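Structure, as structure tokens:
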Amino acid sequence: MKGGALLSSVFRTPAFDLTGKVALVTGATRGIGYAIAAEFAAAGAAVAVTSRKASDCARVQKEFEDKGYKCLGMAVDVSDVGKVDQLIDDIVGAFGHIDILVNNAGIGGKEAPILDISPEEWDQTHNIDLKGVYFCAKAAALRMKSQGTGGRIINMASAAGILAPKYISVYGSAKAAVIHLTKIMANEWARYGINVNTIAPGYIVTDMTRDVMADEKNASAVMKKIALRRFGEVNDVADVALFLATEASKYMTGALLPVDGGMVIC
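Reminder that position 101 of the sequence shown reads as 100 in my numbering, one-by-one numbering, no gaps.
The structure is reproduced here in structure tokens:
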């Protein structure tokens, strides 16, 4: 499926329009994050994209601007709270406000038995996958509250945070925490008009899953756990993110949306 799939004439309605909105998508220089940022931009939003590499951010900013989109690319470590706060200030300085946050930045973490996981390996994953989500959301929500216009926060979890396969305790626990944290955020921030929801992707074709899919035996075993019997594409997730970012989902908050081809029901 090509980028901006929801933007056909069928879906060009006010409910799916982001004209005038400003969105931040973390971890947005490749994979799911890039697809989300591209779809938001095509829907009319000004988009800020982050990554840990300045060169990647500059590349995406140029690609978007060449298409006529408004884009700001910034290298940010989302586990650094001070830099996250500055990030929000920079976005507001560039675009005047912020309306949407997609907490997509994350790493997979070491896959190993719990008895073999070191404190450093635990911290590395949780600092990005959980702490980063927590403080990016906090910084964005503070600004949305002060603006008085509400907003949308979309936290990226994983089917690994719902299921309990062996050897992914570090990654799985971080994503499970994100799912529950989203519910608490939704409960606390509803009074400010801020909707907070979670997307839980399954096996999506990205750099993080390419090795698994390249092994024919592993790929076949994984496929048997997916009801739709196919791996997901990045725009399968981006389409859902667009829905959650727009007025189409205005009566939804605290929700968990698996985008996994039915993996969690198999």
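Ideal Cβ placement from N, Cα and C applies to all residues, glycine included.
Please read all numbers here as calculations on a predicted model, not as lab measurements.
Asked	Found
Spatial neighbours of Val53 in its chain, beta-carbon cut-off 7 Å, leaving aside the 5 residues before and after	Residue identity differs from the one stated: residue 53 is Ala in this sequence, not Val. Closer than 7 Å at Cβ, skipping near neighbours: Ala74.
Buried versus exposed, by CB contacts within 10 Å (16 or more), Leu114	exposed
First and last residue of the uninterrupted beta strand (DSSP E) at Asn102	99–102
Selected residue, minimal CA-CA separation from Gly201, among Met155, Arg29, Gly192	Met155
Where Val75 falls: helix, strand or coil (DSSP)	coil
Contact check, Ala277 vs Val101, beta carbons under 9 Å	As shown, the chain starts at 0 and ends at 265. That puts residue 277 outside it, with no answer to give.
Outcome for Asp214 when other beta-carbon atoms lying within 10 angstroms are tallied against a minimum of 16	exposed
Neighbourhood of Ala111 by C-beta, 7 Å cutoff - its chain only, sequence neighbours within 5 removed	Tyr166
Sequence-distant residues of the same chain with beta carbon closer than 6 Å to Cys265, five excluded per side	Lys224, Ala226
Environment of Thr181 [buried if 16+ CB atoms lie within 10 Å]	buried
Contacts around Ala93, its chain only, beta-carbon distance under 6 Å, and the 5 residues preceding and following it disregarded	Leu71
Environment of Asp65 [buried if 16+ CB atoms lie within 10 Å]	exposed
Beta strand (DSSP E) runs wholly inside the stretch 8–60, at least 3 long, in chain order	21–24, 45–50
8 Å contact criterion, which Asp128 and Gly105 should meet: CB distance rounded	5 Å
Buried or exposed (CB count within 10 angstroms, at least 16 for buried), Thr148	exposed
Burial state of Arg228, where buried means 16 or more other Cβ atoms lie within 10 Å	exposed
C-alpha gap between Thr25 and Ser219, whole angstroms	32 Å
Where Gly260 falls: helix, strand or coil (DSSP)	coil
Every unbroken alpha helix (DSSP H) within the stretch 78–156, with a cutoff of 4 residues, ordered by chain	80–94, 118–125, 131–146
Per DSSP, the bridge partner or partners of Gly231	Ile203
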